[in-house]
Amino acid sequence: AVTGTDGKTSVSHFLAQALDAPWRGCGLIGTLGYGMYGHLVPGAHTTPDALRLHAELACQRAQGAAATVMEASSHALAQYRLDAVALDMAILTNLTRDHLDYHRNHGAYATAKRRLFSMPGLRHAVLNTDDAFGAALAAALPLSVNTMGYGIGASPLPDDRSVRATGIRARRGGLTFNVSTPQGTGMIESRLLGRFNVSNLLAALAALLTLDMPLSRALARINQTRGAPGRMEVRGTVGQPLVVVDYAHTPAALTHALTALREHCAGRLWCVFGCGGDRDAGKRPLMAQVAERHADAIIVTDDNPRGEPPARITADILTGFAAPDAVRVIHDRSEAIAGAVAAARAGDVVLVAGKGHEQVQIIGVEQRPFSDSQTVAAVLDERPA
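With our numbering, letter number 50 in the sequence shown gets 47, and the count goes up by one each step, no holes.
Here it is, written out as structure tokens:
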């Protein structure tokens, strides 16, 4: 099971891809759906309720799954949905601000995440030790749990329990970096964009090595992984701006996405984003501060307003800008995306953030068909290269 504020979906998909072929079938449960990898059915929640969860696990086993990779949301952990699941491995990506509309405070949010690592019978833990919460967890877990750390900085764990990255190089076509592991050293050459994906790839690699996969095979699997839908999903050809669709909907995730894309950007960096209604309103000005700090041009638009007036959400966001007059507000999300892509030039990068893989936009009680990726593709098709 994979938990953390950001990266759960990407790490889960990387692992499911890597395990699908050698294990002749890997199940997946998470934000993008439930089922055998490559044949997912959309689900209502990242982690389903206990009854649906056990039914899905039984169904995957009946279909021949030798393993299941699952995202464990903080809601699910706080509501004890996973308590009767026999977990073999727990993976932590990171812990930053999110879901404070549900959890009382950051401490309660952290407590929910920590529950995954105290499940009875847990054998393995894979932890991001660049993250303060992950480093503290690494020091606190009992010796009965085989703990592996991963990251870029110095590790609190010994070399025989660490996977580290060095020599990170970002280019328009992807990422290249060296890795040191308990099994030796190697290189990852990935088509994925974004320095934060180094951490996600390390998490998947560390998990594979913990499962005793030989390093050469694990590296081959990792180098072949494709990004999850709506996670740094790239659109655009030569002569067009590079347009990236990403699910970044927290201040930390937006920071990671924008700083990562800056390394792939030869021109101006654009950011199109909004914030969801009926959710943590406190992060709205924080998202604005992040966008203003890291992007060259910003368009604020509607995300999923739900039951809140879009104008109120936008007003909350605008309070976070030091220079709000420099920011365009286009409530219609299609028009906002089209406006950014039309204004951007070849060499520019446009980040469309917040909704990622989602196929609907929630306005009031209505779920209207909408896809950032499809909208971007249509806009680019109309733009000459």
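C-beta atoms are modelled at their ideal positions from N, C-alpha and C, and glycine is treated no differently. In this text, all values refer to a predicted model and were calculated from it rather than measured experimentally.
In the DSSP assignment, find the unbroken beta strand (DSSP E) run with Gln57 in it and report its ends. Looking at the DSSP string, Gln57 is not in any beta strand (DSSP E); the run it does join, the alpha helix (DSSP H), is Ala47 to Ala59.
Segment contact flag, the segment 27 to 46 with the segment 82 to 89, C-beta cutoff 8 Å, min 3 pairs: Because the criterion of three Cβ pairs below 8 Å is not met, the segment 27 to 46 and the segment 82 to 89 do not touch.
What does a CB cutoff of less than 8 Å around Gln364 pick up in its chain, not counting 5 residues either side in sequence? Exclusion of the five residues before and after Gln364 leaves Val357 and Gln358 as the residues of its chain whose Cβ lies within less than 8 Å of its Cβ.
Buried or exposed for Ala163, going by 16 or more other Cβ atoms inside 10 Å? Before going on, a small fix: residue 163 reads as Thr here, not Ala. Classification of Thr163: exposed, given that the 10 Å Cβ count is below 16.
Inter-residue Cα distance where the pair is His447 and Thr207: No information on residue 447 is available, as it lies outside the stretch -2 to 382 that the chain covers here.
Inter-residue spacing [alpha-carbon to alpha-carbon] between His100 and Thr234: Because His100 sits at a pLDDT of 42, beneath the cut-off of 50, its placement in the model cannot be relied upon, and the point is left open.
Throw me the rounded Cβ distance for the Val349 and Ile334 pair, which I believe falls under 8 Å. Their Cβ separation, rounded to whole angstroms, is 6 Å, which keeps Val349 and Ile334 in contact under 8 Å.
Relative to the alpha-carbon of Thr222, which residue among Val240, Leu198, Leu205 and Ala204 has its alpha-carbon at the smallest distance? Checking every option, the nearest Cα to that of Thr222 belongs to Leu198.
Is Gln14 helix, strand or coil by DSSP? Under the three-state reduction of DSSP, Gln14 is assigned to helix.
By DSSP, does His121 sit in helix, in strand, or in coil? Looking at His121 - three-state DSSP - the assignment turns out to be strand.
With DSSP as the reference, label Asp243 as helix, strand or coil. Correct three-state label for Asp243: strand.
Determine the closest residue to Gln286 out of Gly304, Ala167 and Pro248, with distance taken between C-alpha atoms. Comparing Cα positions, the closest option is Pro248.
Are the beta-carbon atoms belonging to Leu251 and Ala294 less than 9 Å from one another? No. Outside cutoff.
From the DSSP output, read off the bridge partner residues of Pro366. Val357.
Using the Cα positions of Arg330 and Arg303, report the straight-line distance between them to the nearest angstrom. Their Cα atoms are separated by approximately 14 Å.
Please report the residue range of the alpha helix (DSSP H) in which Leu172 lies. Going by DSSP, Leu172 is part of no alpha helix (DSSP H) but of the beta strand (DSSP E) stretching over Gly171 to Thr178.
How would you call Met284, buried or exposed, if buried means at least 16 neighbouring beta carbons within 10 angstroms? Residue environment: Met284 is assigned as buried (16 or more neighbouring CB atoms within 10 Å of its CB, all protein chains considered).
For His96, which residues of its own chain have a beta-carbon under 8 Å away from its beta-carbon, when the five flanking residues on both sides are left out? Note that His96 has pLDDT 48, beneath the 50 cutoff, so the model's placement of it is unreliable and the number below is only indicative. Counting only Cβ-Cβ distances below 8 Å, and skipping sequence neighbours, we find Ser71, His72, Tyr106 and Asp277.
Classify Gly236 as buried or exposed, calling it buried when 16 or more other Cβ atoms lie within 10 Å of its own Cβ. Exposed, because fewer than 16 other Cβ atoms sit within 10 Å of the Cβ of Gly236.
Where does His96 fall in DSSP's three states? The predicted model places His96 with a pLDDT of 48, which falls under 50 and marks its position as unreliable; any figure quoted below should be read in that light. Three-state result, His96: coil.
Tell me the residue span of the alpha helix (DSSP H) that contains Gly131. Counting along the chain, the alpha helix (DSSP H) containing Gly131 begins and ends at Ala129 to Ala137.
Roughly how many angstroms lie between the CA atoms of Leu124 and Pro155, to the nearest whole one? Between the C-alpha atoms of Leu124 and Pro155 there is a straight-line separation of about 13 Å.
Would you kindly work out how many angstroms separate the C-alpha atoms of Asn175 and Val347, rounded to a whole number? For Asn175 and Val347, the distance between alpha carbons rounds to 29 Å.
Taking 8 Å as the line, does the beta carbon of Gly264 fall inside it for any heavy atom of the ligand SAH? No copy of the ligand SAH occurs in the structure displayed, which carries no ligand at all.
Using three-state DSSP, classify Ile334 as helix, strand or coil. Here Ile334 sits in helix by DSSP.
In chain order, what residues of the same chain lie with their CB nearer than 7 Å to the CB of Phe318, ignoring the 5 residues before and after it? Excluding sequence neighbours, Phe318 sits near Ala285, Glu289 and Val324.
Measure from the alpha carbon of Ala217 to the alpha carbon of each residue in Ala15, Gly344 and Gly4, then state which is nearest. For Ala217, the nearest C-alpha among the options comes from Ala15.
Pick from Pro381, Arg309, Ala320 and Thr90 that is closest to Val338, judged by C-alpha positions: Closest option to Val338, judged by alpha-carbon separation, among Pro381, Arg309, Ala320 and Thr90: Pro381.
For Met468, count neighbouring C-beta atoms within 10 Å of its own C-beta (all shown protein chains included) and say buried if the count is 16 or more, exposed if not. This structure leaves residue 468 out entirely; the chain is present only between -2 and 382.
Flag this pair as yes or no: are the beta carbons of Tyr147 and Leu92 separated by less than 9 Å? Going by C-beta atoms, Tyr147 is not nearer than 9 Å to Leu92.
Own chain partners of Gly170 with C-beta closer than 8 Å, once the 5 adjacent residues on each side are dropped: In the same chain as Gly170, and ignoring 5 residues on each side of it, the C-beta atoms closer than 8 Å to its own belong to Arg188, in chain order.
Determine whether the beta carbon atoms of Met145 and Ala204 lie at a separation below 9 Å. Closer than 9 Å, so yes.
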